Amino acid sequence: SFFVTRLSGVDPESTLWSRPRIEGAGTPAAKGARLKMPVMSRSAAVRSNGQKLELIYGTESADSLPELAILELPSAGQGAPGSVVGARLFALPQPRGASWMSIEKVTYMHRGEQVTALLCERKHPPCPATAPLLVNAHGGPAAGFVNSMKTAADANRYPFRHFLMAGYRVFQPMFRGTLGFGDKWAMGNIGAQGSLEGDLGDILAGLDWLQNSHPSLKGTLAPARTGIFGGSYGGYMTIRAMSMLQHRFGAGVALYGFVHNRWMTYEGGDFTWEDEYIVPPPLDVEGFEIELVEEEGDSPGTSAPRAAARALPNSSSEGTPAAHRPLRDRSPSAGSVCSQSASDVWPLPKEMQASDCFNGLHRINKPLLLMHGEKDDICPLSQSQVAFHMLEKSGVPTGLIVYPGEGHGFDQPEHQQDRDRRMLLWFAEHLEGERGSVPDVRE
Numbered sequence: 250s251f252f253v254t255r256l257s258g259v260d261p262e263s264t265l266w267s268r269p270r271i272e273g274a275g276t277p278a279a280k281g282a283r284l285k286m287p288v289m290s291r292s293a294a295v296r297s298n299g300q301k302l303e304l305i306y307g308t309e310s311a312d313s314l315p316e317l318a319i320l321e322l323p324s325a326g327q328g329a330p331g332s333v334v335g336a337r338l339f340a341l342p343q344p345r346g347a348s349w350m351s352i353e354k355v356t357y358m359h360r361g362e363q364v365t366a367l368l369c370e371r372k373h374p375p376c377p378a379t380a381p382l383l384v385n386a387h388g389g390p391a392a393g394f395v396n397s398m399k400t401a402a403d404a405n406r407y408p409f410r411h412f413l414m415a416g417y418r419v420f421q422p423m424f425r426g427t428l429g430f431g432d433k434w435a436m437g438n439i440g441a442q443g444s445l446e447g448d449l450g451d452i453l454a455g456l457d458w459l460q461n462s463h464p465s466l467k468g469t470l471a472p473a474r475t476g477i478f479g480g481s482y483g484g485y486m487t488i489r490a491m492s493m494l495q496h497r498f499g500a501g502v503a504l505y506g507f508v509h510n511r512w513m514t515y516e517g518g519d520f521t522w523e524d525e526y527i528v529p530p531p532l533d534v535e536g537f538e539i540e541l542v543e544e545e546g547d548s549p550g551t552s553a554p555r556a557a558a559r560a561l562p563n564s565s566s567e568g569t570p571a572a573h574r575p576l577r578d579r580s581p582s583a584g585s586v587c588s589q590s591a592s593d594v595w596p597l598p599k600e601m602q603a604s605d606c607f608n609g610l611h612r613i614n615k616p617l618l619l620m621h622g623e624k625d626d627i628c629p630l631s632q633s634q635v636a637f638h639m640l641e642k643s644g645v646p647t648g649l650i651v652y653p654g655e656g657h658g659f660d661q662p663e664h665q666q667d668r669d670r671r672m673l674l675w676f677a678e679h680l681e682g683e684r685g686s687v688p689d690v691r692e
């Protein structure tokens, strides 16, 4: 027997599967009962209890922090598909105050699609109605997230627990590109990063829904009380939001983000992101021509003609959707149509720069803190450095914190503590709102 845990949106589901030992190796496994409490630990153990076998694992839910579950495995012929089997639960030690956090799954519509989000807040003591709201733009963007109290009480990659304890609410939209909602949704921001019609629009639609429709937050949101933060793709989304929508956010923190995709790609040498997520503009077979241009030669005063390929404007291949038309090899001697990776397209057309933040950095006029690892080889440090220098030159409140030896994310406990402290101080200084009394949870 074995189990499989999958995400259905943000809700984990675990199912038992089994295969008779007497059958051959090619015998397909049979799906069995669904576990009432999903398996959320990285490993599980099986022990014999007399004539019964028990599965021991870690579990969690929206209503409970991580617990130890002991499940009696169904005997042969029991645990039919569709049935639900429960488990005995045992509490595990938790950080003081973790049980005061709550998480709520909400859904809303944007451009005809349902978007799911998680809303986290402190329940003891209750947050004031006008408490500041922090939007977490998650990284990935192909990543999955769980509707669990552990999410609200976590303080590993981002200081959710510290934010909530300090009186902030945290809103985490599962925008286009998030895993758990099917392939179409996971691919929903390919060629449309930071788009108001796509992932960035999904975030804004969530804020509008909270302001207009949420049962307890309706009418309580304000830009001066709204911040945004995130790392990696979430760092990019933070910078993108603050450069495009200055009137919606009062402050932001971008952790190991990026501002220019091509620059990031070739500095780091990893072409995966650009080739998978950036869509080159189509060049039509009929709309392609060769022209001779003068180019400086090796010796002064000399020039050499070279062949350069260019696409004719407003051309189209009749009957072929633009998104699926092949690119033509740009070498002058090539005469055939070929498929071309995004990272191989030169010179860089404006369509492939449409999602970049670089040319919009001058529009940022609200406080933005940047944090980066010194040795980040995925989103290089230079991406934050250029944003910092631009903001500093423009007189926008900013800062750049570089953690020595860190890569893409901060692993050292002292760096995580410093990150948490700086983020708390940044939002406390630059966001308005009533956060109420902060409980003392020191041991």
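Residue numbering for the sequence shown follows my numbering, starting at 250 and increasing by one per position.
Ideal Cβ placement from N, Cα and C applies to all residues, glycine included.
A quick note: this is a predicted structure, and the numbers were derived from the prediction, not measured.
The C-beta distance from S257 to P287 rounds to 10 angstroms, too long to fall under 8 angstroms, and the pair is not in contact. For V384, the closest C-alpha among the options L413, V687, V295 and R612 is that of L413. Assignment of I488 by DSSP, reduced to helix, strand and coil, places it in the helix class. Here D524 carries a helix assignment [DSSP, helix/strand/coil]. In its chain, beyond the 5 residues on either side, E262 have a beta carbon closer than 7 angstroms to the beta carbon of R255. The beta carbon of Y485 sits closer than 6 angstroms to those of G506 and F507, all from its chain and outside the five residues before and after it, given in chain order. Counting along the chain, the unbroken beta strand (DSSP E) around T254 starts and ends at F251 to S257. T487 and G479 do touch by the CB rule: their CB atoms are close to 5 angstroms apart, below 8 angstroms. DSSP places T379 outside any alpha helix (DSSP H), giving it a letter other than H or E. With respect to the 8 angstroms criterion, M398 and L314 are classified as neighbours on the basis of their beta carbons. Rounded to whole angstroms, D432 and S351 show a C-alpha spacing of 30 angstroms. Secondary-structure assignment with DSSP links G501 through a beta bridge to I477 and L617. Note on E316: 16 or more other CB atoms within 10 angstroms of its CB, so buried under the neighbour-count rule.
Classified as exposed, R612 has fewer than 16 neighbouring CB atoms from the shown chains inside 10 Å of its CB.
In this structure, DSSP gives T427 a state outside helix and strand, which the three-state scheme calls coil. Contact annotation: A391 and A435 have beta-carbon atoms nearer than 8 angstroms. Comparing C-alpha distances from D605 to each of Q632, L284, L618 and V645 shows the shortest one belongs to Q632. Measuring C-alpha to C-alpha distances from P344 to each of A401, Y357 and E663 identifies A401 as the nearest. At a Cβ-Cβ threshold of 8 angstroms, F409 and H509 do not count as neighbours. Within the model, the alpha-carbon separation for R691 versus G476 is close to 27 angstroms. Beta bridge pairing from DSSP links K467 with no other residue.
Along the length of the stretch 341-408, whole beta strand (DSSP E) runs at least 3 residues long occupy 350-359, 362-371 and 382-385, reported in chain order. Around the Cβ of T427, a 10 Å sphere holds 16 or more other Cβ atoms; the residue is buried. L680 and S297 have their C-alpha atoms some 56 angstroms from each other. If you check the CB distance, N614 and Q495 come in under 8 angstroms. In the DSSP assignment, K301 falls within the beta strand (DSSP E) that extends over K301 to S310.
DSSP, read as helix, strand or coil, puts G281 in strand. For the set I319, H638 and A294, the Cα lying nearest the Cα of R337 is the one of I319. Residue state for E516 is assigned as helix, using DSSP reduced to three classes.
Residues of the same chain with a CB within less than 6 angstroms of the CB of A591, apart from the 5 flanking positions on each side, are E523, D524, I527 and P529 in chain order.
Around the beta carbon of W595, a 10 Å sphere encloses fewer than 16 other beta carbons of the protein chains shown; the residue is thus reported as exposed. Look at R691 here: in three-state DSSP terms it is coil, with no helix or strand label.
According to the DSSP secondary-structure assignment, W266 is paired through a beta bridge with F251 and K280. The C-beta of S462 has fewer than 16 other C-beta atoms within 10 Å across all chains shown, which makes the residue exposed. Burial check for G416: the Cβ neighbour count within 10 Å reaches 16 or more, so the residue is buried.
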